[in-house]
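>
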Amino acid sequence: MGQIGTRRGRRGPAGDIGRCAAGLLALVAMGCAGGSDQRVLTRHDGPMPEVKPAGVRFQPGREREMGPPPYEYIRILGNAEPGWQWGASAVDAGMSWEFVGPRPMSSEYWSGQANAGGRVNSIAPHPVDPNTAYIATAGGGLWKTTDGGANWSALTDELASLVGGAVALDPVDPEVVYFGTGDMKGGANGGGLFRSLDGGQTWVMIGTTGQVGTRINSIAIDPTNTSVIHLGTNGGYRRSLDGGQTWQTPLSGSTWHVRLSPVDPMVVYLARSNQGVWRSTNGGSTFAQLGGGLPAGTSRIELAIAGSDPDRLVAAFISGSSSVGLYRTDDGGETWIQIGLGTPAESFCAPQCWYDAYVGIDPTNPDRMFVGGVDQQYADAGILRSTNAGLSWAEVARGPLTVRVHPDHHTIAWGPTGIIWEGNDGGVYKSTNGGDTWQNLNATLGAALLYDIEVHPTSVERMLGGTQDNGTPERTGPSDVWPQTQVGDGGFSVIDPTVTNRRYTTYVYLSVSRWTNNSSTNISSPDWDDDPVNFIAPLVGDPNAPQTLLGGTNRIWRTLNATQTGSRPTWTAISTDAVGAGSTINAIAVAPGNSSVIYSGSRSGKVFVTTDAATWADRSAGLPSGQISDIIIDPAAPGTAYVSFFNTSGTRVLRTENFGQTWMNMTGTLPSGARTGSLEVDFDLPVPVMYVGTGAGVYTSRDSGLTWVKDNDTLPNVNVTDLQIDRANRTIAAATYGRGAWRADLLAGCGADLTTTALAGAPGYGVPDGIVSSDDFFYYLTEFGAGNLAVADLTTGAVPGQAGYGVPDGVLSGDDFFFYLDLYAAGC
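Residue numbers (our numbering): 1 to 828.
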């Protein structure tokens, strides 16, 4: 977009451009204090409470009370592709997307300046080949390595959902791969259960969300009859006896894990939310709850069984942010004893147990146990190992700087030859010596969970991206490798167009840092500490004044001197309440050419507009319910703006031409089920082209919102959390929650006067110059969308305005009647 602050939920393209005037005649339908390399070191990971309540103070560098988790951050929720079929997605061939990184995020602080690739939820090593393994990433689908983790390939970019919850291999034929979608601990729904018969090359859906639940956390296959599939899901314990053709629900209620006895697969153990541990001795037909020393059921239970001793299991009972305790049985669940008392294992996952936790037992040695928690540096434990069945524990994740494992641990698995694979917020690691040391395997993993993308206004190769738990990495040239700047959770960013190396980044709850080269200064205001504010809060730059920033809590805050040194910039609240009672701000946009025109959008679905940067008007009448995701302002007309909603059905995209006094529905044919999380508009064409990022890819409209087309040519079917147009280079960048950043050339416009070189008869051509002449050709389309501009030949007796009529006789005469709309559809 070429200027600071012209960003999603905060942006409108800047500059003067030529475009068709309203009323055009169209005759064809359609941080820290300054210092070198200062970084924010406070940890706040995972989908944390989305809003900080009023009166709860948060200071950078200090952990705050989180409240009862989880409250999902809405941008991560996404959606499965509506009506998905393998290989049958709608394609707009006009776009070709290029992956631009990060792969990896380098110089990552928490892993000892090593690499990060994105959160890994589940791992399935090959049972025979020590170099082959599969990983389910939180938003980037399933990945595979065949060389021990040196290289990773994405396998599921075309699936209905890339939210990875669980992966498992057929115990008889490891070329058969099961991929369960949906993230139990991360709060995002998936699109069902998928199976591949060829090592992940092709897939079929064998369980819809109605059959298997929206979040699959555990998969177990009967080794004596591989047609029997067991699932632990948010919809309960699900079972298929016929290879996924039909499904049963023997027990309802959220189920975290399914474990089969290694000697008798008819013995099935379940870890159930608020219900404890249950056992079946008849393959899952009936169950009994186990007691014998176990506590009452808690919200989450982690469960592991020893591969070499079917009677030994370990269970971790978890309540919110705390561990209730670790328990071991040596008799198949009849009796249990608490282990780890007085050791770090007693509270191994605090203070994020709802998010960070696993238990594992070495399949060849039942006394060798592991638990994964948060990180020893700022919590009780990272990865703990016991070699005596849980009597004592030692930390193994934090060795010398070069072998540190990224915090926030989610899964552990064993491959052949004793290799341990471990997944966390940073990606995947392995150990070949029982956990003594670890290898970082993230050099080629491109599964970053981006909240935001910011493109440099003059250098197309420079980008900033705020990520979940891997900070704000920066692309500094034509490379997929993005070095990390800020650590922790990265949010919205702003790039100063006048000083190449001046950037602004945000940490959670609107903690703002100004960067010059690798040195940062915290420039947040203590005045908003008591405001309710989003976990990822909006920060925008004024496109007309590079020293001006605006941030959103429940109010709009502005500083006119963001570049000030020596003391903090002065921030002023320019709105008393721009959200409606009890809400917070999701989106801010400043009009290019007029800094006094500002739009804000809130979680409560309210749009407030000011034309003097002081007095605000509620412009929510006529808007649907739901959270606002984005606002884009027309650079040539500040009263014209586009708004999108975090909804999956009904009205989701709207336009105003009078500062929000009235709104027009632009949702058109956008399919039900597509959640509109981000929005961009290309105003440099006669008919502005709209782009929306959804939970499963990008949709485009070239006819003012009448029709929408899914672009699935090269972009993965991933949750697109942000879009930004680079007007100077005619490109668009997409931030995705799980597959990093992508870039494509913008779509071309449509419509031409045939007095030029356009080919007569080409679809979609009309009279874009607004003048009817003998050289103009009127192309007849057999179908018009309802409400589109139509040309009707009245000599045929057609009803004026009836959709679908053109000039059937091909001859213009005085009897022909033309319909005029203030927008024309270009017919593309």
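Where is the CB? At the ideal position from N, CA and C, for every residue including glycine.
On the criterion of 16 or more Cβ atoms from any shown chain inside 10 Å, does E680 qualify as buried, or is it exposed?
So E680 ends up on the buried side.
> Measuring alpha carbon to alpha carbon, tell me which of R119, G325, W414 ends up nearest G165.
Comparing Cα-Cα distances from G165 to each of R119, G325, W414, the minimum goes to R119.
> Would T584 be called buried (16 or more neighbouring beta carbons within 10 Å of its own) or exposed?
Buried.
> What span of residues does the beta strand (DSSP E) with Q211 cover, start to end?
Not the beta strand (DSSP E): Q211 falls in the alpha helix (DSSP H), residues 209-212.
> Is the beta carbon of V212 sitting closer than 7 angstroms to the one on E302?
No, the Cβ-Cβ distance between V212 and E302 is not below 7 angstroms.
> For K606, which option in D612, V597, R619 has the closest C-alpha, if you only look at C-alpha atoms?
For the residues D612, V597, R619, the minimum Cα distance to K606 belongs to R619.
> On the criterion of 16 or more Cβ atoms from any shown chain inside 10 Å, does A116 qualify as buried, or is it exposed?
The residue is buried, with at least 16 neighbouring Cβ atoms inside 10 Å.
> Could you round the C-beta distance between G668 and W708 to whole angstroms and report it? I think they count as a contact, below 8 angstroms.
Right, their Cβ atoms sit about 6 angstroms apart.
> Between the segment 690-701 and the segment 662-678, do three or more beta carbon pairs fall short of 8 angstroms?
They touch, by the three-pair rule.
> Would you kindly check if the distance between the Cβ of S511 and the Cβ of E454 is under 7 angstroms?
No, Cβ-Cβ distance for E454 and S511 is not below 7 angstroms.
> Whose C-beta lies closer than 6 angstroms to the C-beta of D722 among residues of the same chain, with five residues either side of it excluded?
Taken in chain order, the residues that qualify are R8, D452, I453, S678, A735.
> Once the 5 residues before and after T417 are set aside, which same chain residues still bring their CB inside 7 angstroms of it?
For T417, where only same-chain residues beyond five positions count, the Cβ hits under 7 angstroms are P130.
> What does DSSP give as the partner residues of W278 in its beta bridges?
Per DSSP, L270, Q289.
> What does DSSP give as the partner residues of F99 in its beta bridges?
Partner(s): W742.
> Put Y355 into one of helix, strand or coil per three-state DSSP.
If DSSP states are grouped into helix, strand and coil, Y355 belongs with coil.
> Suppose you measure from the CA of L829 to the CA of A316; what does that come to, to the nearest Å?
Any property of residue 829 remains undetermined from this structure, which presents the chain solely from 1 to 828.
> I want to know whether the segment 525-544 touches the segment 487-506 - three or more CB-CB distances under 8 angstroms.
As far as the Cβ criterion goes, the segment 525-544 touches the segment 487-506, which means the pair count is three or higher.
> Buried or exposed for S773, please, with buried defined as at least 16 other CB atoms from any protein chain shown within 10 angstroms of its CB.
Per-residue confidence for S773 stands at a pLDDT of 44, beneath the threshold of 50, marking its modelled position as unreliable; the derived number appears in the next sentence. Exposed is the call here.
> Taking the beta strand (DSSP E) that H257 falls in, what are its first and last residues?
Per DSSP, H257 belongs to the beta strand (DSSP E) from 255-260.
> Leaving out five residues before and five after D198 in sequence, what residues of the same chain have Cβ atoms less than 8 angstroms from its Cβ?
Result list for D198: E175, in chain order.
> According to the neighbour-count rule (16 or more other Cβ atoms, all chains shown, within 10 Å of its Cβ), is V428 buried or exposed?
Per the 10 Å Cβ criterion, buried.
> How big is the Cα-Cα spacing for M664 and V689?
When rounded, the distance between both Cα atoms is 16 angstroms.
> List the residues that DSSP assigns as beta-bridge partners of V643.
Answer is I631, L654, bridged to V643.
> Among residues of its own chain, excluding the 5 on either side of Q289, which ones have a beta-carbon nearer than 6 angstroms to its beta-carbon?
Excluding sequence neighbours, Q289 sits near G276, W278.
> Using 8 angstroms as the Cβ pair cut-off and three pairs as the minimum, do the segment 376-394 and the segment 77-84 touch?
Output reads no: the segment 77-84 does not touch the segment 376-394.
> For Q547, report the span of its beta strand (DSSP E) as first-last.
Q547 -> beta strand (DSSP E) spans 545-552.
> By DSSP, does W143 sit in helix, in strand, or in coil?
Of the three classes helix, strand and coil, the one that applies to W143 here is strand, per DSSP.
> Could you check how far apart the C-beta atoms of R675 and G695 are, in whole angstroms? I think they sit under 8 angstroms.
Right, their Cβ atoms sit about 4 angstroms apart.
> Helix, strand or coil, according to DSSP, for P716 in the structure here?
Coil.
> What are the partner residues of F179, as DSSP defines its beta bridges?
The partner list for F179 (beta bridge, DSSP) reads V167, F194.
> Alpha carbons only, please: which of W336, V396, H409, P363 is nearest the one belonging to W354?
Checking every option, the nearest Cα to that of W354 belongs to H409.
> Once you ignore the five residues that flank D480 on each side, which residues in its own chain have a CB closer than 6 angstroms to its CB?
Taken in chain order, the residues that qualify are G101, R103.
> Tell me S600's beta-bridge partners as DSSP assigns them.
I588, F608.
> Which same chain residues, not among the five before or five after Q248, have their C-beta less than 6 angstroms away from its C-beta?
Cβ within range, chain order: R239.
> V172 and S122 - do their beta-carbons sit closer together than 7 angstroms?
No, the Cβ-Cβ distance between S122 and V172 is not below 7 angstroms.
> Buried or exposed for A54, going by 16 or more other Cβ atoms inside 10 Å?
With a pLDDT of only 46 at A54, under 50, the local geometry of the prediction cannot be trusted, and no value is derived from it.
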